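Undergrad:
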């Protein structure tokens, strides 16, 4: 059990820093996941006791939806192969289903299995924060001192004898992630968690560390120039401020205004170039027009193919719709390079209307379950209450960002979502029995 927990602490590092690196022909996180699953199964066999979170009916319902989605994705993509006879596309689908869907579900179950008490959850959360903070430092350096910033990750890969699994895209701040989009998802998901714990933390040393991580994260977020991520984090702050009833409004606003003001001051004083670029983005550029084209093409595909077109076939199918758009020359370029930049549309395109409805159902249960955790967490203690609030804000932020970029558990299979679920399930394990006892006492 202890060995599995210690290995779990390495998982965020591998996923957030070295997602596409390789060792012995596979990503390091794949090898780590194999060990985690084996240890979890051995522990379960020896102890013959299921983790507490599986007794929560809403958790079981969410797990059922995840398994149903995976089964449906396998079925529908194999059906597309039988119709189109494209073995190369089928191999792409199989790799994505194995690595992203099944891999994400196994990651969720194995790590949540080892986070069996509050102290382990707390340490895991702070590992997430430290991992993001260091990546944020690298991201800030990539803009302030490009020669240094962009040399850090290659040096780390070399020191760890890892092979780069793809190009490191250096045209926009990406921290230790492969490029700016996955980095922005990490920031969008974890900054609200940092803020929620910052409101509740009483230890001066830990509070100081949280403020540092918060300032670094916000600064890196603004430097990514991801407007949807910035919007998501802004909305998450409103949610966290409203839901954090344990802290006074004065304290909430102080911890929001002072660090955020420091970030803006640093950007204005030392790096006005960032704000100039951000202003140009606000004035409109090619990506905005491109998204409109993508949505137009994606909607045409959805109406023509209600059961989807399968993983890896959007560009091929959507390229036939570009002549109907107002900017065909731009559409031809955009559609052949990317997908629809919306996790719900991507899910429908890949896995059809059934997959889309399963994803909607999962989010409905997810937010309903977070409501339960909010009520139960306030009776458990500061960590549980703050984590429940932070998870609510994090999911609002992540969901907002995913409406404009390729991500989501069943779109591109972005891994940060699974870490939010890990924390949600782990928290459910320690709160469910407490909540039941409280309700029984009231009755």
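Numbering (this note's numbering), first residue to last: 31 to 473. We put the beta carbon where it would ideally sit given N, CA and C, even for glycine. Just so we're clear, the structure is a prediction, and the values are computed from it rather than from any experiment.
1) For residue 148 versus residue 413, is the C-beta distance shorter than 8 Å?
2) Whose C-alpha, out of 40, 416, 438, is nearest the C-alpha of residue 231?
3) With a CB to CB cut of under 6 Å and the five nearest residues on each side skipped, what residues in its chain are close to residue 328?
4) Near residue 240, which residues of its chain fall below 8 Å by C-beta distance, leaving aside the five closest residues on each side in sequence?
5) Return yes when the Cβ of residue 250 is within less than 8 Å of the Cβ of residue 166, no when it is not.
6) Run through the region 181-228 for me and flag every whole beta strand (DSSP E) of 3 or more residues, listed as ranges in chain order.
7) If you reduce the DSSP assignment to three classes, tell me which class residue 341 lands in.
8) Helix, strand or coil for residue 435? Go by DSSP, reduced to three states.
9) Can you name, in chain order, every residue of its own chain whose Cβ lies under 8 Å from the Cβ of residue 247, other than the five neighbours on each side?
10) Would you mind working out which of 345, 341, 372 sits nearest residue 106, comparing C-alpha positions?
11) Could you spell out the range, first to last residue, of the alpha helix (DSSP H) harbouring residue 377?
12) Residue range of the alpha helix (DSSP H) that residue 166 falls in?
13) Can you round the beta-carbon distance between residue 269 and residue 452 to whole angstroms, since I take them to be within the 8 Å contact cut?
14) Helix or strand or just coil, what does DSSP make of residue 315?
15) Would you report the Cα separation of residue 408 and residue 237, rounded to the nearest angstrom?
16) Do you know offhand how far residue 449's Cα is from residue 204's?
17) In three-state terms, what does DSSP make of residue 335?
18) Could you give the distance in angstroms between the alpha-carbon of residue 128 and the alpha-carbon of residue 67?
19) Helix, strand or coil, according to DSSP, for residue 49 in the structure here?
20) By DSSP's criteria, residue 56 is part of a beta bridge. Which residues make up the other side?
TA: Let me lay it out:
1) yes
2) 416
3) 370, 375
4) 159, 224, 227, 228, 231
5) yes
6) none
7) coil
8) coil
9) 162, 163, 166, 217, 220, 221, 224
10) 341
11) 373-410
12) 148-174
13) The pair is not a contact, with the Cβ atoms about 20 Å apart (cut-off 8 Å).
14) Confidence at residue 315 is low in this model, with a pLDDT of 49, below 50, so the placement of that residue is unreliable and no value is reported for it.
15) 20 Å
16) 19 Å
17) coil
18) 14 Å
19) coil
20) 53
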